[in-house]
Amino acid sequence: MRYAFIDAHRQQHPVRVLCKMLSVHPSGFYAWVKEPLSQRAQEDRRQTKLVKKAWKDSGKVYGYRKIYDDLIDMGEVVSENRVARLARIAGVQAQIGYKKKPGVYGGKPSVVVDNTLDRQFAVDAADRAWVTDITYL
């Protein structure tokens with residue numbers, strides 16, 4: 001961040017003055033100008049692109065464990081913890097659970113039986129009408 005500020009303002013002020021003001025050494029600034037990203041940062045950037053690609057290919061469902069498996073299958077040399085860190089930084093998250101879409105799902109429509117007793121519970125003989133209480137349902 002400091003080096004980027006120095007680089008942006010080096011036309012208005014001398015580099016050594018800006019470095020002294022920001023408490024950095026000029027040799028560090030010139031090393032940054034020569035190669036701004038470290039080898040690890042460059043490798044992180046490359047592997048982050050692979051992580052995002054594997055995540056998008058999965059339909060944005062996979063988490064870092066399955067993405068790690070995909071990268072190993074592709075021949076990448078990477079650890080599971082590194083994939084987890086790169087996925088977290090890139091905003092890659094696993095889809096947890098699958099919700100059903102609203103709608104009608106199978107089943108038969110309920111059958112309505114005619115009311116043959118018509119609430120006349122007094123009968124002439126036995127075994128003519130059976131009734132029960134289903135309030136527990």
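Numbering (the numbering used here), first residue to last: 1 to 137. Ideal Cβ positions, reconstructed from N, Cα and C, are used throughout, including at glycine. These figures come from a predicted structure and were not determined experimentally.
Where residue i falls: helix, strand or coil (DSSP)
{"i": "D133", "result": "coil"}
{"i": "E43", "result": "helix"}
{"i": "R88", "result": "helix"}
{"i": "R16", "result": "helix"}
Assumed close pair residue i, residue j - CB separation to whole angstroms, cut-off 8 Å
{"i": "V51", "j": "V92", "result": "6 Å"}
{"i": "V61", "j": "A94", "result": "7 Å"}
{"i": "L139", "j": "A129", "result": "Lying outside 1 to 137, the shown extent of the chain, residue 139 is not represented and no answer is given."}
{"i": "V33", "j": "R2", "result": "So it is not a contact: roughly 13 Å between Cβ atoms."}
Residue i classed as buried or exposed, judged by whether at least 16 other C-beta atoms fall within 10 angstroms
{"i": "A54", "result": "buried"}
{"i": "I96", "result": "exposed"}
{"i": "F29", "result": "buried"}
{"i": "I67", "result": "buried"}
{"i": "Y98", "result": "exposed"}
{"i": "Y105", "result": "exposed"}
{"i": "I89", "result": "exposed"}
Residue i at chain C interface by Cβ criterion, 8 Å
{"i": "S58", "result": "Within the model displayed, chain C is absent; a lone protein chain is all it includes."}
- prompt: With contact counted as at least three CB pairs below 8 Å, one residue from each stretch, are the region 39 to 48 and the region 79 to 86 in contact?
  reply: yes
field: alpha helix (DSSP H) segments (min. 4 residues) lying fully within the region 57 to 85
entry: Within the region 57 to 85, the runs of alpha helix (DSSP H) at least 4 residues long that lie entirely inside it are, in chain order, 64 to 73.
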